[in-house]
Amino acid sequence: METTMIYYLIPTLIMFCCGVYGFLTRKNMIAMLISLELMLNAVDINFVVFNRYLFPGQMEGMFFTLFAIAIAAAETALAIAIIINVFRAAKNIDVTDLKKMKF
Amino acid sequence: MAIPLCMFLILGLLGMKMSHKLAGILGTAGMGVTLVLAYFTAFTYFFSGSPDFVSSEGQRLQYIVFNVDWLQFYDNLVIRLGFLLDPISALLLVVITTISFMVHLYSNGYMRDHHGVYEHGFQRFYAFLSLFSFSMLGLVVATNIFQMYIFWELVGASSYLLIGFYYVKPSAVSASKKAFIVTRFADLGFLIGILILSFYTGTFNFTDFTSAPVADGVYGVSLDTAQGIKNLIAGSEAPIFMGASVLTWALVLIFMGGMGKSAMLPLHIWLPDAMEGPTPVSALIHAATMVVAGVYLVARLFPLYLMEHSAMVIITVVGAVTAFYAAMVACTQIDIKRVLAFSTISQIAFMMVSLGVADPNFHEGLGYMASMFHLFTHAMFKALLFLGAGALIHAIGSNDYTEMHGLRKYMPITHVTFLIGCLAIAGIIPFSGFFSKDEILSACFGNSWIAYLWMSMVAALTAFYMFRLYFLIFWWKEHPVRQGHHTPHDQPWTMTLPLVILAAIATVAGLIPFGNFVSWNGEPYDLFGHFDWSIAAVSLLVAVVAILVAAKMYMKENPLPAKMKNAMPTLWDWCHHRFYWDELYMFITHKIIFNGICRPIAWFDRHIIDGTMDGFAYVTNKASYAIRGLQSGSIQMYVWIYLIGALALGAITAVCIL
Amino acid sequence: MFSNILIYFVVIPLIMLGGLALCRNIKQIRAVAVVGALALTALSVWLLLDYMQLRAAGNTAPMLYTDSWSWFGPLNINLAVGVDGISVAMLILSSIILLTGSFASWKINPLPKEFFLWLVLLSTGVFGFFISIDLFTMFMFYEVALIPMYLLIGVWGSGNKNYSAMKLTLMLMGGSAFLMLGLIGIYYHSAPEGQPLTWNLLEIVNNASIDKGWQYFLFPMTFVGFGVLGAMFPFHTWSPDGHASAPTAVSMLHAGVLMKLGGYGCFRVAIYLMPEAAQDLAWIFLILTGISVVYGAFSACVQTDLKYINAYSSVSHCGLVLFAILMLNTTAMTGAIMQMLSHGLMTALFFALIGMIYGRTHTRDIRLMGGLMKIMPFLAVCYVIAGMASLGLPGLSGFVAEMTIFVGSFEHADMFHRVFTIVACCSIVITAVYILRVVGKLLFGPVQDEHHLSLTDAEWWERTSTVTLIISVAAIGCFPNFFADLIKFTFSPSIFAVIGMN
Amino acid sequence: MESVGSIIMYWIIALSIVVFSVLTVTTRKILRSATYLLFTLFATAALYFKLDYEFLGAVQIAVYAGGIVVLFVFSILLTSHPGHNSERLVSRRRVLGLVASVATLVIAGYALVSRCGMLCTKLPQMSNPDMKTIGTTLMGSGDGQYLLPFEAVSVLLLACIIGGVVVARKR
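Next up, the structure:
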């Protein structure tokens, strides 16, 4: 059996869909963030896979992933800071219950 | 010569800060100086015989003393402030300054109570009086119609201020308001008339309307100029408007201004109410000077009016109806100032009729002369009557003559002077009213016998109601001296002196050879030479009969008046309520204008116009609220929407590709 | 740049702003405000004299003191200045009203510093507007003048102030939107094909390259845009609410000067640049303004709030300004400008007095007041004088302005103009009705409220403020020819040759 | 033909990715969810290793598994009470989510499958990028080199540090 590109893409697709599902259904902000990480990760894998299969020897996909990871880390850190702050203020991190800042 | 005008302004402004007595003395003194100057001016004009004033043929000329540009509209249309001296302005200068001086003097006594304490606002009173005198003088010496309009407004305003002098009294306030608004409405007509006239002729100057230049600044009245104006308008693009020529429209509209100021019939309602002002004011403004401004205006433009027969007819009819109406009403009033007010309306209407029937072909415009003559004599005797009434009111403390009766013993001077006034207005020889009224009747006779009969009837009514007033005040029964009231007595010299002087003038003024001085074209006319004794005899007879009837009814207390009243209840009622004109106006102003126009407009503005604007805001607001759910901040909702969009796009792409 | 006198009309307010920012207490603030306003008044009077001298010396350029400094090259935006007689008159008006407004807000509370900051910023916009001849800078200054209004009313106002401030700002902004569209449209047609575009008024007039079709579109845009500020009939409703809620000085400046921006703009931009369209479309706006003249007057008759009465009377008077401008002849336009001056001073006087009365009685409802003549004679007399000016008493400014307008309007001989002129004339009667109604109820008659008996008459700063205004009103009323000549030169035949105005 | 070990390796990785992903979003305990995420990330790292990107795999483990997940765990511990289950999902919400994700799966999967020809590329030969190459590429400023993004990311990270401190600091 030959592990062609499709073999890598299908699991990442499933991973992405899981991310979508989680993001849409969860109310807990951290859970949503986790789902977001899943989607991001799925996309990263795609970059790498395409790079590896279609343009071996070049490093664009890899570097893109590298930066994406860095940015994801930054983003997560900041998001969690905000979440903790919100939790301090509202004692709750359910998105559906946080209406004070709306409008 | 025109320095007094400036003096009035200064006095008016400074008067506010002075002590009571000083203000009174200064005001009177200022007026006295003006009086002397005016007499000097008039004397110079009439008797000096200078070529500026009298032409070689003996025609009296119009002399422009000075004329400064005040406001230039375009090249040839300029408002100027100037001083035009001609027979009628000289005449009015004399009348105004005389009456004004008398009133200033009289007010020194009138505007205090019995203990000599000055009334509140005494200086203000003198300031306003000076303002009025200034404006009135400015009005009569106006060189152009717009200057006249300017001062016309100013006399209106000063009249407003003086009527509302007792500003704490609501009735005075509403009377002053009414006077101003009614005359303002009339002035609207005047203004439009001026606009029409000036548009077609391109000038405001009286001299351009009615006279031909004789020398620099000197003009002689000329019918040709007026004819030229008529031709000019007839030759313009649209000489006819709604069935009448534009000139007729202009003249009638200008006459409307005169109607307002002179209280002619539909616009007369303000004058009786104006009696709310202090009595000297009534004497000065609402009897002798301001109210004749309308007559003066028509006289000023007389040659133009001659050009338009229909305008003259309108003047005659309005005057005749007003004269009769006012005389009828005067017979039933019980407030002495109101009787005098209606009598004023009636007498001014006499002047108007006289102007209306004047015809250069009949005794060289006798009506014009008669009108001016009557203006002069009427000013004197009516001021006398008003000042006398003032003295009575001051003594009794009421305007209502049911509280007076039998005063002849208590106030002899007032009694005699008042009697002279009554005799003068009734037209008894040799008092002044006899001559002037007789001229008017002659002029009417020259026009048509209907006018003559009508005006004679009014003259009879005049004699009747004046003597009704006289008898009810001074006879009827003994004066009921009530507890707590001191007995009425004659007033201090400041008040009686004017009465005596005016009585003297009223007695002899009729003998002045008036025609020598004033006539429509300035050419002297021998009034006495043309005196029609038959008409005079008839009018005298009529007056005497009317006086006798009045004496019969009111000399002694008797039930006859009450019987008369009961015999004609409707007529009496209507007369007593002044034919319900006030109610009609109240209805029009309050019900129709206020409730029918203003309120709906205000409502419309608040609810429809503003409602539309608010509606825009409301819709915007609602729309924002409606779509703000889309920007809810709920990230899952965003993702949902995004996902649906993306999936739909993907699906469409997929379908399309297949 | 600083050699041009006009620029100081903007520089002085800016210095005042700086000065105000440094102020520590109310005394310093007043000092800065009064000194600055005096400086502006002196400057404008000096400008007037100098202007008259230049004109007397035979200078016949349409605008004097013209100058231009590039500001944003790629779009040809310049800071171009220049004045003619109208602008000079308006500058004097603005500086006098700023001066009296400063006196009238002597005791403004709270936050006096911020109040004066915004007030001065507003006047910067006003002065800048009147000296600009570059459409873009003009528009910019126009907006600078509008925006502070929101805060001034919203913070220092009374009554339903949030609503009023919002309404005023939004409606005027709506007008600005039309205006901006119009101005940009003008810009893109400002020069013939192939030549550089310009915002400069004078160049646009010289180029005369806006074709008629475009004029039909741009004229209504600009006219309505400025007309909103000039309280033209269906767009006037911001005025009663705005004035009623605004603090005294703001009402004064707003009615006295800002509403003039509308009339001035209508003339300077809409008619000056697009005379052909003005001539063809004038009838539409004549109907609207003619309505607003009588309509405002009628509405004023039944109002019970002093400021509402005055605001509606402003609608009526400003309607007359636009009405006269649309008559498109020299006399009527001269009258319009005189009416602007007259109305500015007179309404400022009115609002100052109303503010002072309100400050004492704490009500503006005429039904609750009465007999004030006895209690505060000075203010009452001033009020009567203001009223007389408003109803057109000769010797005060209202009369000459109205008469000039009517005489000018009457020059049109056709039925349409005649009828509307007569309708407008009727307003003088209605004006008398509502003015006398107020005067009668407010000042005369018995005292309505016992508490009012203890009130005091005007303080010295209030006297200064009102007397200055009364003197100005009387000056115009007594010597109208001086002002008429000042204004009239602007309408010299060469400028309006294009539509054959006389 | 690949080696059997490699294939087995692939299947393990693929299965763990799928399974742990699903578990991450279906478990009701948030801490477990984080733990499953950790496994998913490890599997991803393994995938990178398998595809010869050792450096990337290492970064994945160090930053993602080591950094981010730890952050998650801390924040979870800070914000939720131990033993607390997230409430049972409303079924309508769950069904909708499921429908959406399945639809995504179908459409994207269809897109993938319909391009099968291109996607069946065999794994080409490639030498592992050595550290030196990666280093010069990352820090070089020449053509195809990434100094500018690197700097941008570093500034971004700095901003995040400051932002995090500011936001999370106690008032």
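Chains as they are written, first to last, in my numbering: chain A, 16 to 118; chain B, 3 to 660; chain C, 27 to 528; chain D, 22 to 192. Here a beta-carbon is modelled for each residue, glycine too, at the ideal position from N, C-alpha and C.
Straight-line spacing of the CA atoms in Thr185/B and Leu79/B works out to 26 Å.
The C-beta separation of Thr45/D from Ile49/A comes to about 6 Å, placing the pair in contact by the 8 Å criterion.
Sixteen is the threshold: when 16 or more other Cβ atoms of the shown chains lie within 10 Å of the Cβ of Met285/C, as they do, the residue is buried. Val63/A has a beta carbon lying within less than 8 Å of a beta carbon in chain D.
Going by DSSP, Arg82/B is part of the beta strand (DSSP E) stretching over Leu79 to Leu87. In the displayed model, Asn51/C falls within coil according to three-state DSSP, outside both helix and strand. DSSP lists no beta-bridge partner residue for Tyr620/B.
Annotated three-state conformation of Val254/C is helix, per DSSP. If you compare the alpha carbons of Ala397/B, Pro215/B and Thr509/B with that of Pro414/B, the shortest gap goes to Ala397/B. Annotation: the stretch 213–272 of chain B contains the following complete segments of the beta strand (DSSP E) (minimum length 3 residues), in chain order: 213–217 and 220–223. DSSP places Phe293/C in the helix class (H, G or I) of the three-state scheme.
For Asp584/B, the enclosing alpha helix (DSSP H) begins and ends at Trp583 to Met588. Rounded to the nearest angstrom, the Cβ distance from Thr318/B to Val294/B is 17 Å, too far for a contact under 8 Å. Interface residue (Cβ-Cβ distance to chain D less than 8 Å): Ala46/A is classified as such. Taking the CA atoms as reference points, Leu163/B sits about 7 Å from Phe130/B. Contact of Gly613/B with chain D is not assigned, every C-beta pair being separated by 8 Å or more. In chain A, no part has a C-beta under 8 Å from the C-beta of Leu651/B; the shortest such distance is about 16 Å.
Between Ala272/C and Leu178/C the beta-carbon gap is near 7 Å, inside 8 Å, which marks them as a contact. Nearest to Ser265/C by C-alpha distance, out of Ala281/C, Pro218/C and Gly251/C, is Ala281/C.
Taking CB atoms only, Val35/A has a neighbour in chain B less than 8 Å away.
Against chain A, the beta carbon of Met147/D has neighbours under 8 Å at Arg67, Pro71 and Gly72, listed in chain order. Take the alpha-carbon of Gly127/C and the one of Ile118/C: they are about 14 Å apart. Beta-carbon to beta-carbon, Val94/D and Ala66/D are separated by about 18 Å, too far to satisfy the 8 Å threshold. Following the DSSP letters along the chain, one finds Leu73/B inside the beta strand (DSSP E) bounded by residues Gln64 to Tyr76. Rounded to whole angstroms, Lys179/B and Ile422/B show a C-alpha spacing of 34 Å. Among the residues facing chain B, Phe38/A is included, as its CB has a counterpart in that chain under 8 Å away. The criterion of a C-beta distance shorter than 8 Å is not satisfied by Leu303/B and Leu225/B.
Across the structure, Ala313/B and Leu253/B are spaced so that their CA atoms are roughly 7 Å apart.
Contact check for Leu63/B against Gly222/B passes: the beta carbons are separated by less than 8 Å. A Cβ-Cβ separation of about 5 Å places Val107/C in contact with Ile157/C under the 8 Å criterion. Judged by their CB atoms, Ala381/B and Phe433/B are not nearer to each other than the 8 Å cut-off.
Interface criterion not met: the Cβ of Leu632/B is under 8 Å from no Cβ in chain A. Assigned with DSSP and collapsed to three states, Ala87/C falls in coil, not helix or strand. Counting the other Cβ atoms within 10 Å of the Cβ of Ser458/B gives 16 or more, which makes it buried. Under a 10 Å Cβ-count criterion, Val134/D is classified as exposed, with fewer than 16 other Cβ atoms of the shown protein chains found around its own Cβ.
As DSSP reads the structure, Leu105/C sits in a beta bridge with Trp95/C.
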